[in-house]
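Everything in the sequence shown is counted per my numbering, starting at 132 for the first residue and increasing by one.
C-beta atoms are modelled at their ideal positions from N, C-alpha and C, and glycine is treated no differently.
It should be emphasised that the depicted structure is a prediction, and the values quoted were computed from it without experimental measurement.
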Amino acid sequence: MAKRGQPVRLAKITAGRRLTHRLTELGLTPGVAVEVLHDHGGPLLLAVRDSRLAVGRGMASQILVESI
132 MAKRGQPVRL AKITAGRRLT HRLTELGLTP GVAVEVLHDH GGPLLLAVRD
182 SRLAVGRGMA SQILVESI
């Protein structure tokens, strides 16, 4: 995942089918812009589309991003 405040684009989800489906339902799809709002221990708070999502670090480690 990216550093706090750095806008990135979701490149790929490397998780299994169930977790990939869950993340897709939350709006985390390839090509979407994502920004980390909070990453001080515990889950990451992400800005995705017009929403904020809390994503555990295990899930976040399976999300590959690229610079915008």
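Check	Outcome
Own chain partners of residue 184 with C-beta closer than 6 angstroms, once the 5 adjacent residues on each side are dropped	157 and 177
Assumed close pair residue 174, residue 186 - CB separation to whole angstroms, cut-off 8 angstroms	6 angstroms
Pair within 8 angstroms by beta-carbon distance, residue 141 and residue 193	no
Cα-Cα separation, residue 135 to residue 198	13 angstroms
Cα-Cα separation between residue 145 and residue 161, rounded to whole angstroms	11 angstroms
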